Amino acid sequence: VCAWWYDGEKMHEPLTMRECRMAVVSDKHPLWPGKGDGLGAGAVVPIDKEDLSFGMNPGNSSMWVSLSSDREARKGGAPSNFEAFLTPWWGPPSKLTYRNNEISMGMGYDILRLQAMQSRLTIDGEEFEGTAYFQKVTVQAPSVPWFWGMIHFDDGSYLDWFMPHVTPLSLSKDDRPWRKRDFSRIPLKTAGVFHDRMRNKTEEFENCEVELSKSDKGLLDSHGYSLPNFRIRVWNDKTKVEMKIRAVSRARWTFDQPTRGGFVSHLTYNEYPFEVIEITIEDENGSRSLEDYQWIHGNAEHSWGFLH
């Protein structure tokens, strides 16, 4: 069980990192509290002294997440306990979707996700309201570098982008960003989706471009490395979305896997909470910008290395 927490100023990573056995139970299990209907509700329960469970309530109308931070994270100022209650927001973003994506040569991944839900979050007894995104990914391929990110808009709209690619950073063996050899990327696939609540429509994108630059405000992560700005563009024949975002912190996970001949393959997987600097949405009905929304929040991923 692994988690990170960004409190708006400080990144707590890892918030928790525990190796444990897990139980998967349906709402028909004898230990389930109450009577279930066997129509999909259930829970994943890590076997730990603290509640780290995640699940769906009977009736499939809500979900919950329980989490406790590690002692070291608490010493660094992280909260102790998190309880989230998730409910559907509206239409397409709140419907469970499954997709099998082939990246190259029969290799790819399966993804099950809920793109946007409303969340009531309790942190050490203090209540908050926000939004949530959920996904379960199964990979049946070597992990190549990728860009991915998602945005929630205040009106319920949802946008994401995805660009797995080949880059000189595929040969990187550590988590240090901003190499001189990070100068080119060959996309293996480009994709995106925009659930536009204002227009009440969904746009699928097969075109995506992502560009990186150093932080325009000189922001650094907790290890003293420069954070990036991203320029993202997705489009089809009807709609084009272009945005500039500024990473405000970084959480990174590193994986080192022994391979044949005594070699070790490496992957650095970065998560960036960000703020939107600019956004332009153009379609047949006109143009929209940042001023058309009260708030826009999201998270971006960038990975490098080649895990196999």
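Every number in the working numbering is 109 more than the matching position in the sequence shown, counting from 1.
The beta carbon of each residue, even a glycine, is placed where N, CA and C say it ideally should be.
Predicted, not measured: the structure shown is a model, and the values here were computed from it.
{"Item": "Using a Cβ-Cβ cutoff of less than 6 Å, which residues in the same chain neighbour E159 once the five nearest sequence positions on both sides are dropped?", "Value": "S177"}
{"Item": "Taking A152 as part of the beta strand (DSSP E), name the residues at either end of that continuous run.", "Value": "G151 to P155"}
{"Item": "Considering only C-alpha positions, which residue in the set Q227, F163, K204 and S228 is nearest to V153?", "Value": "F163"}
{"Item": "Does the structure place the segment 292-299 close enough to the segment 371-379 that three or more beta carbon pairs sit under 8 Å?", "Value": "no"}
{"Item": "Pop quiz: N408 and P382 are said to be a contact at Cβ under 8 Å. What is the actual Cβ separation, rounded to whole angstroms?", "Value": "6 Å"}
{"Item": "For G145, which residues from the same chain have a beta carbon less than 6 Å from its beta carbon, with the 5 sequence-adjacent residues on both sides left out?", "Value": "D136, K137 and P167"}
{"Item": "Hey, how far is the Cα of G151 from the Cα of S228?", "Value": "19 Å"}
{"Item": "Quick test of the definition: if touching needs 3 or more C-beta pairs under 8 Å, does the segment 241-255 touch the segment 265-284?", "Value": "yes"}
{"Item": "Are the segment 296-305 and the segment 262-269 in contact at 8 Å, needing three or more beta carbon pairs?", "Value": "yes"}
{"Item": "DSSP three-state call for G407: helix, strand or coil?", "Value": "strand"}
{"Item": "What is the DSSP secondary structure of K184, counted as helix, strand or coil?", "Value": "helix"}
{"Item": "Out of Q249, S398, H411 and I232, which one is the CA nearest neighbour of K349?", "Value": "S398"}
{"Item": "A225 and W257: beta carbons closer than 8 Å?", "Value": "no"}
{"Item": "Count the other C-beta atoms from every protein chain shown that fall within 10 angstroms of the C-beta of G414, then say buried if there are 16 or more, exposed otherwise.", "Value": "buried"}
{"Item": "Applying the criterion that 16 or more other CB atoms from any shown protein chain within 10 Å of the CB defines a buried residue, is H332 buried or exposed?", "Value": "exposed"}
{"Item": "Determine whether the beta carbon atoms of W344 and F314 lie at a separation below 8 Å.", "Value": "yes"}
{"Item": "Looking at C-alpha atoms only, which residue of F237, G239, D263 and I220 is the closest neighbour of K245?", "Value": "I220"}
{"Item": "Please report how far the alpha carbon of S171 lies from the alpha carbon of I156, in whole angstroms.", "Value": "23 Å"}
{"Item": "Cβ of F163 versus every heavy atom of the ligand NAD: is any distance shorter than 7 Å?", "Value": "Inclusion of the ligand NAD in the displayed structure is not the case, the ligand content being empty and no account of it being possible."}
{"Item": "Give the single residue among T311, K298, P188 and I260 whose Cα lies nearest to the Cα of V275.", "Value": "K298"}
{"Item": "State the start and end residues of the unbroken beta strand (DSSP E) segment that holds Y334.", "Value": "Where Y334 is concerned, there is no enclosing beta strand (DSSP E), given that its DSSP letter is neither H nor E."}
{"Item": "For the beta strand (DSSP E) that K310 lies in, which residues bound it at each end?", "Value": "K310 to F314"}
{"Item": "Can you name, in chain order, every residue of its own chain whose Cβ lies under 7 Å from the Cβ of E393, other than the five neighbours on each side?", "Value": "K347"}
{"Item": "Can you say whether L124 is buried or exposed, counting buried as having 16 or more other CB atoms within 10 angstroms of its CB?", "Value": "buried"}
{"Item": "Pull the bridge partners of F292 from the DSSP assignment, please.", "Value": "According to DSSP, which records beta bridges pairwise, F292 is partnered with nothing at all."}
{"Item": "For the beta strand (DSSP E) containing E159, name the first residue and the last one.", "Value": "That residue, E159, is in no beta strand (DSSP E); it is neither H nor E in DSSP."}
{"Item": "Taking C111 as part of the beta strand (DSSP E), name the residues at either end of that continuous run.", "Value": "C111 to Y115"}
{"Item": "Can you list, in chain order, the residues of its chain whose CB lies under 7 Å from that of Q403, leaving out five sequence neighbours each side?", "Value": "D263"}
{"Item": "So, at 6 Å on beta carbons, what are the nonlocal neighbours of A241 in its own chain, with the 5 sequence-adjacent residues on each side left out?", "Value": "L195, M226 and S228"}
{"Item": "Let me confirm a value: A112 is counted as buried when at least 16 other C-beta atoms fall within 10 Å, else exposed. Which label applies?", "Value": "buried"}
{"Item": "So which of I260, M307 and Y115 has the shortest CA-CA distance to E391?", "Value": "M307"}
{"Item": "If we ignore side chains and look at the alpha-carbon of each, how far apart do D233 and G185 end up?", "Value": "15 Å"}
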